[in-house]
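Some notes on the structure that comes next.
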Amino acid sequence: MSQNGADRRPSTTVLPAIRRDGQLRVWCPYCQREHIHGAVGPQVGDGDGHRRGHCSNPESPFIERGYAIQEVVGRALWLMAT
Ligand SMILES: [Zn+2]
């Protein structure tokens with residue numbers, strides 16, 4: 040446990056990622072905008088895994104804990120955990 044009680048374990052949140060122009064794009068519910076990550080390789084899923092948050096919202100837990108991304112193909116619905 041950290042001294043201030045903040046949960047700094049890696050987040051188990053998985054955000055769906057769309058590949059476009061050789062990069063993976065995820066919709067961040069905290070920043071209300073896309074974050075872009077490298078696709079790593081040419082195959083679907085090559086870039087899957089835990090990433091650091093690129094958040095501009097200082098309230099976002101992803102800054103400390105990051106999130107996992109999972110590449111999806113076709114149309115995706117952005118679902119927020121409540
Ligand atoms: Zn963000």
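Numbering-wise (my numbering), the sequence shown opens with residue 40 and increments by one. Glycine residues also receive a C-beta, built at the ideal position from the N, C-alpha and C atoms.
Residue closest to residue i, alpha-carbon to alpha-carbon, out of the options
i	options	result
G61	Q82, L54, P49	Q82
P49	E110, G105, V111, V112	G105
I8	E103, G92, S99, D87	Residue 8 lies beyond the stretch modelled for the chain, which goes from 40 to 121, so this question has no answer here.
H76	R64, G84, D85	R64
E110	S99, H74, G84	G84
R59	H74, T52, H93, T51	H74
R47	I108, S99, C67	S99
C70	I108, G80, H89, H93	H93
In DSSP terms, what residue i is bridged to
i	result
Y106	R90
V111	I57
Start and end residues, beta strand (DSSP E) containing residue i
i	result
C56	The amino acid at residue 56 is misidentified as Cys; the sequence shows Ala. 53-59 is the extent of the beta strand (DSSP E) around A56.
R72	72-77
R48	Counting along the chain, R48 falls outside any beta strand (DSSP E), and DSSP gives it neither H nor E.
V65	62-67
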